[in-house]
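Residue numbers (our numbering): 184 to 543.
Think of the CB as a built atom: it goes at the ideal place given N, C-alpha and C, for glycine as much as any other residue.
As the structure is a prediction and not an experimental result, all values here were calculated from the model.
Read through the structure below, which is laid out as structure tokens, and then see the notes.
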């Protein structure tokens, strides 16, 4: 039985061209997205100068995350690159006037089938093993070796309050850590749910009112990067960013001494004013501070972080007038609880304890 020349199918040819066009567009978009992540300087940023992504790590945690991403891209490329390389070859070889042989009764090739199924299965197994080990290796709740610097972060609208209980200081609008020493961060919020991220040092982790989450990281080199809230929480969301400074031991001690010497005392009344909805500039105005820059505070109550959590464990619904960030919030009435029993019920926590959260 003889076969005549193959008929031209305009619809099939059009679909092939459209597929190639879409594949090319997706590839270009992916390359541009990767370039934007790898070169943060392409976007204007006045918060902090320096690396802003885990592709330019300032510490071992971010470096591990970068290496994990590279490994994942390398293994997935084993399946992706052949598609882009073989598609034009197949289109050229099997076009209307191509040189390929016509074999309508071809059904099975064991080598080809093994390749088609074996490569994806191998990739999935390897990626699963790597993901499992990486997830446990850089678990944000796992303490790093060494004595950590404890930082207690309280999310507010639209700023972060960083409490250093061991140094008896607190800062709004800036975070500093010593180079070469582990940092243990405890997080909560005194408003809506927020998402804490310092890409160049660690991953992302959520913070929620009445709960405590944790994050451990370390800065391996001196530098400055950016931290931010990535969970939308209102009009001031874009302003909830802060510089993160990794300082050598001598400069770190000078920074602590300067904050302690010049800081405003963080009383309950001052904290209540900080809870008013507003960014860093609005908070400076509310506290009567005329100088620009971060707000430095000294603390006298080492249980402030636990009392913030205890606000949501009284056993009764929270009055909107006592809720920081609400439209009816009244700082003169919104005092934190002091009852030790409430503190015990809320979990009188300390730096380095364990917990549970969803993180990325």
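Can the beta-carbon of residue i be found less than 8 Å from the beta-carbon of residue j?
i, j, result
"residue 236", "residue 382", "yes"
"residue 456", "residue 447", "no"
"residue 427", "residue 407", "yes"
"residue 251", "residue 326", "no"
"residue 240", "residue 249", "yes"
"residue 354", "residue 345", "yes"
"residue 461", "residue 512", "no"
"residue 411", "residue 424", "yes"
"residue 514", "residue 397", "no"
"residue 519", "residue 482", "no"
"residue 321", "residue 244", "yes"
"residue 315", "residue 361", "no"
Under the rule that 16 or more other beta-carbon atoms within 10 Å means buried, what is residue i, buried or exposed?
i, result
"residue 416", "buried"
"residue 409", "buried"
"residue 291", "exposed"
"residue 342", "buried"
"residue 347", "buried"
"residue 445", "exposed"
"residue 366", "buried"
"residue 492", "buried"
"residue 506", "buried"
Assuming residue i and residue j form a contact by the criterion Cβ under 8 Å, report the distance between their Cβ atoms to the nearest whole angstrom.
i, j, result
"residue 352", "residue 443", "5 Å"
"residue 516", "residue 504", "5 Å"
"residue 329", "residue 364", "6 Å"
"residue 356", "residue 463", "4 Å"
"residue 496", "residue 393", "6 Å"
"residue 467", "residue 478", "6 Å"
In angstroms with no decimal places, state the Cα-to-Cα distance between residue i and residue j.
i, j, result
"residue 487", "residue 350", "14 Å"
"residue 429", "residue 359", "6 Å"
"residue 247", "residue 271", "37 Å"
"residue 287", "residue 311", "39 Å"
"residue 379", "residue 267", "38 Å"
"residue 401", "residue 414", "24 Å"
"residue 242", "residue 309", "26 Å"
"residue 509", "residue 368", "26 Å"
"residue 405", "residue 277", "58 Å"
"residue 484", "residue 453", "13 Å"
"residue 422", "residue 234", "19 Å"
"residue 295", "residue 275", "20 Å"
"residue 265", "residue 420", "43 Å"
"residue 475", "residue 521", "33 Å"
"residue 284", "residue 388", "57 Å"
"residue 502", "residue 465", "24 Å"
"residue 269", "residue 313", "28 Å"
"residue 238", "residue 317", "17 Å"
"residue 262", "residue 297", "14 Å"
"residue 390", "residue 441", "29 Å"
"residue 432", "residue 451", "32 Å"
"residue 289", "residue 280", "20 Å"
"residue 473", "residue 498", "40 Å"
"residue 301", "residue 437", "59 Å"
"residue 418", "residue 480", "26 Å"
"residue 282", "residue 384", "56 Å"
"residue 273", "residue 293", "20 Å"
Query - Contact between the segment 364-381 and the segment 336-346 (3+ Cβ pairs under 8 Å) - result: Proximity of the segment 364-381 to the segment 336-346 meets the contact definition, three or more beta-carbon pairs being nearer than 8 Å.
Requested in this report: Could you tell me whether the segment 254-262 touches the segment 294-309, using the rule of 3 or more Cβ pairs below 8 Å?
Outcome: Touching, yes, given that three or more Cβ pairs across the two stretches are closer than 8 Å.
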